[in-house]
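Below: the structure, in structure tokens.
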Amino acid sequence: MSERRVGIVGYGVMGRAHAYAYRTAPLIRPSATTFVPVAVSGRDAVRVGAAAASMGVEAMTDWRALVERADVDVVDICTPPGTHSLIAVAAAAAGKDVICEKPLAVTALEAAQALEAVRSAGVRHAVGFNYRRLPALSLMAQLISEGALGEIRLWRGTWLSDEFVDAAIPFDWRFERSMGGTTIADLGSHLVDLALWMVGPIVEVSATSSTFVTSRDSPEGPRMVEVDDASSALLKFAAGAQGTLEVARSAPRRPCDFVVEVNGSRGTAIFSYARLNELWVGYVDEDPRHYGLRRIRVEHPSHPQTAGWWPLGQGVGYDASLVNQAADLAAAWPDGSYEPDFVQGAAVVDVCAAMERSAAERHWIHVAP
Ligand SMILES: NC(=O)c1ccc[n+]([C@@H]2O[C@H](COP(=O)([O-])OP(=O)(O)OC[C@H]3O[C@@H](n4cnc5c(N)ncnc54)[C@H](O)[C@@H]3O)[C@@H](O)[C@H]2O)c1
Numbered sequence: 002m003s004e005r006r007v008g009i010v011g012y013g014v015m016g017r018a019h020a021y022a023y024r025t026a027p028l029i030r031p032s033a034t035t036f037v038p039v040a041v042s043g044r045d046a047v048r049v050g051a052a053a054a055s056m057g058v059e060a061m062t063d064w065r066a067l068v069e070r071a072d073v074d075v076v077d078i079c080t081p082p083g084t085h086s087l088i089a090v091a092a093a094a095a096g097k098d099v100i101c102e103k104p105l106a107v108t109a110l111e112a113a114q115a116l117e118a119v120r121s122a123g124v125r126h127a128v129g130f131n132y133r134r135l136p137a138l139s140l141m142a143q144l145i146s147e148g149a150l151g152e153i154r155l156w157r158g159t160w161l162s163d164e165f166v167d168a169a170i171p172f173d174w175r176f177e178r179s180m181g182g183t184t185i186a187d188l189g190s191h192l193v194d195l196a197l198w199m200v201g202p203i204v205e206v207s208a209t210s211s212t213f214v215t216s217r218d219s220p221e222g223p224r225m226v227e228v229d230d231a232s233s234a235l236l237k238f239a240a241g242a243q244g245t246l247e248v249a250r251s252a253p254r255r256p257c258d259f260v261v262e263v264n265g266s267r268g269t270a271i272f273s274y275a276r277l278n279e280l281w282v283g284y285v286d287e288d289p290r291h292y293g294l295r296r297i298r299v300e301h302p303s304h305p306q307t308a309g310w311w312p313l314g315q316g317v318g319y320d321a322s323l324v325n326q327a328a329d330l331a332a333a334w335p336d337g338s339y340e341p342d343f344v345q346g347a348a349v350v351d352v353c354a355a356m357e358r359s360a361a362e363r364h365w366i367h368v369a370p
């Protein structure tokens, strides 16, 4: 068994989630290569020390020193999006393979710089679009690619969250455009990745955005919110399909509710994250007495991304997407390839950037690679 030693940059929600996934993956899907976290970095010595102790790794207060460590093979970037490109470029220059949380970057230019860095250094690269690794969404993509739904005509994605409803939430990086990016970049990037994965390139978008709470408290006094609370977009796919996307961090009592629906010439498939072990499908050539949609329990060993998980009926949760991601990375690296990589991460940023420009300029925008 060989070990790939991982240095995690950032100890917040996703730093912990990735550490958990690396520790758990060998229990669920043992493989010849394992990813072993060895260090985590953060700016606050006390807090990163506590996080490192719970992860069982070394704490560091300088991400540049972590990236340079001889005993780190893979750098895993779990900091705010505005820092991703800088860290990815440094990690690639140090010869490390790079895993980057979504979105790959805030701007298309930063994404291109990160992609160029990993390409010219010849290191491996991956973006943490973990939802691809949920069994039900994976089955949905599989059914589409096998043609079970026919020619895809309509794609629909909504992601509703109540994260920013409370106007008393103080200003932090998530409200700063250059650091956290927009709601389009935060929630929309997941949906755009799923759309590109399932239906192929998006060529044109028309979007609108709103910010409902325009200023928030900070230690220095009120600060202007620089990002959208909600956005909607119309999409045109290269293959001829059309789509809609709606994202909001201002929808009361909607906690991370995301739904993806695809309508093809021969069938429909619907995924709702609130019931993440299920996929609803219906086909035009079924017995008409079964007219309507059927609920598949996506836990069967014949379904993708179910290997190693619990007995039928127990289901999985959000963490399974991250554990599957870690297991797939361990299986793919160092000898194989992994998707989504920085090429796909940059393509997502291009679509998100086009939506933001469309909302600002109030007209349709061609997606420029
Ligand atoms: N894939 C998913 O399901 C998912 C879910 C949530 C967040 N994310 C993504 O993960 C990344 C991190 O999000 P999070 O929720 O863990 O954030 P968080 O606020 O919980 O943690 C951010 C971490 O980065 C550090 N940090 C903050 N500002 C920094 C700076 N300027 N320079 C260096 N480090 C800095 C913080 O100290 C902390 O360790 C983001 O890109 C976010 O979009 C992905």
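According to the working numbering, the residues represented by the sequence shown are 2 to 370, in order.
Glycine included, every Cβ here is placed at the ideal spot set by N, Cα and C.
How would you call valine 248, buried or exposed, if buried means at least 16 neighbouring beta carbons within 10 angstroms? Answer is buried; the Cβ neighbour count reaches 16.
Hey, aspartate 77 and arginine 6: beta-carbon distance below 7 Å or not? No.
Hey, cysteine 353 and alanine 186: beta-carbon distance below 7 Å or not? Yes, the Cβ-Cβ distance between cysteine 353 and alanine 186 is below 7 Å.
Can you tell me where the beta strand (DSSP E) holding histidine 126 begins and where it ends? 126-128 is the extent of the beta strand (DSSP E) around histidine 126.
Between the segment 225-240 and the segment 203-214, do at least 3 Cβ pairs fall closer than 8 Å? Counting C-beta pairs with one atom in each stretch, the segment 225-240 and the segment 203-214 have three or more that are closer than 8 Å, which means they touch.
What do you reckon, is the C-beta of proline 81 under 6 Å from a heavy atom of ligand 1? Result yes, Cβ under 6 Å from ligand 1.
Nearest neighbour of tryptophan 365, chosen from Ala33, Thr209, Pro27 [CA to CA]: Comparing Cα-Cα distances from tryptophan 365 to each of Ala33, Thr209, Pro27, the minimum goes to Thr209.
Per DSSP, which one or two residues make a beta bridge with phenylalanine 36? BP columns for phenylalanine 36 point to Arg5.
By the 10 Å Cβ neighbour count, where 16 or more other Cβ atoms means buried, how is glycine 129 classified, buried or exposed? The residue in question, glycine 129, is buried, as its Cβ has 16 or more Cβ neighbours within 10 Å.
Cβ contact check for the segment 130-146 and the segment 259-268: 3 or more pairs under 8 Å: Touching, yes, given that three or more Cβ pairs across the two stretches are closer than 8 Å.
Roughly how far, in whole angstroms, is the beta-carbon of alanine 327 from the beta-carbon of alanine 33, given that I think they are within contact range, below 8 Å? Between alanine 327 and alanine 33 the beta-carbon gap is near 14 Å, outside 8 Å, which marks them as no contact.
Indicate whether aspartate 18 and tyrosine 339 have their beta-carbon atoms separated by less than 7 Å. Inspection of the sequence shows that residue 18 is occupied by alanine rather than by aspartate. At least 7 Å separates the beta-carbon of alanine 18 from that of tyrosine 339.
For leucine 313, count neighbouring Cβ atoms within 10 angstroms of its own Cβ and tell me buried if that reaches 16, exposed if not. Looking at its Cβ environment, which holds fewer than 16 other Cβ atoms inside 10 Å, leucine 313 is exposed.
Any idea if glutamine 306 is buried or exposed, counting beta-carbon neighbours within 10 angstroms, 16 or more meaning buried? Glutamine 306 counts as buried, since no fewer than 16 other beta carbons sit within 10 angstroms of its beta carbon.
Cross-strand partners of asparagine 1 (DSSP beta bridge): Since the first residue of the chain shown is 2 and the last is 370, residue 1 is not available in this structure.
Evaluate tryptophan 160 with the Cβ neighbour count: other Cβ atoms within 10 Å of its Cβ, from every protein chain shown; 16 or more gives buried, anything less gives exposed. Tryptophan 160 comes out buried.
Tell whether a beta-carbon distance below 7 Å holds between alanine 371 and leucine 105. The requested residue 371 does not occur in the structure, where the chain is confined to residues 2 to 370.
Taking C-beta to C-beta, are glycine 158 and leucine 197 nearer than 7 Å? Contact check for glycine 158 against leucine 197 fails: the beta carbons are separated by 7 Å or more.
Going by alpha carbons, who is nearest to arginine 125 out of Ala331, Ala53, Ala168? Scanning Ala331, Ala53, Ala168 for the CA closest to the CA of arginine 125 turns up Ala331.
Residue burial classification, histidine 251 (beta-carbon count within 10 angstroms, cutoff 16): The question names histidine, but residue 251 in the sequence shown is serine. Flag for serine 251 reads buried.
Is it the case that the CB of valine 14 approaches a heavy atom of ligand 1 more closely than 6 Å? Within the cutoff, so yes.
Pick out the complete beta strand (DSSP E) segments inside the segment 155-232, 3 residues or longer, and give them in chain order. Fully contained in the segment 155-232 are the following beta strand (DSSP E) runs of length 3 or more, in chain order: 203-211.
Just the Cα atoms here: how many angstroms apart are glycine 346 and arginine 290? When only Cα atoms are considered, glycine 346 and arginine 290 end up about 43 Å apart.
Assign histidine 304 to buried or exposed, taking buried as 16 or more other Cβ atoms, counted over all protein chains shown, within 10 Å of its Cβ. It is buried - the Cβ of histidine 304 has at least 16 other Cβ atoms within 10 Å.
Skipping 5 residues on each side, what residues in its chain have a beta carbon closer than 7 Å to that of tryptophan 310? So the qualifying residues of the chain are Ile29, Val317, Ala321.
At a cut of 8 Å, does the segment 275-288 reach the segment 221-229 through at least three beta carbon pairs? These segments do not touch.
Less than 7 Å between the beta carbons of glycine 182 and valine 299, yes or no? The criterion of a C-beta distance shorter than 7 Å is not satisfied by glycine 182 and valine 299.
Leaving out the 5 sequence neighbours to the left and right, which residues in its chain are closer than 7 Å to asparagine 264 when beta-carbon positions are compared? Arg154, Leu155, listed in sequence order.
Output the distance between the C-alpha atoms of leucine 195 and glycine 11, rounded to the nearest integer angstrom. It is roughly 25 Å from the alpha-carbon of leucine 195 to the alpha-carbon of glycine 11.
How many angstroms separate the CA atom of proline 370 from the CA atom of alanine 348? Whole-angstrom Cα-Cα distance: 7 Å.
Could you check if threonine 84 belongs to the surroundings of ligand 1, using beta carbon to heavy atom distance under 6 Å? Yes, the beta carbon of threonine 84 sits closer than 6 Å to at least one heavy atom of ligand 1.
Nearest CA to the CA of alanine 118: which residue from Gly96, His301, Lys103? Closest option to alanine 118, Cα to Cα, is Gly96.
Relative to the C-alpha of alanine 142, which residue among Thr269, Pro171, Arg120 is closest? When each option's Cα is compared against that of alanine 142, the closest is Thr269.
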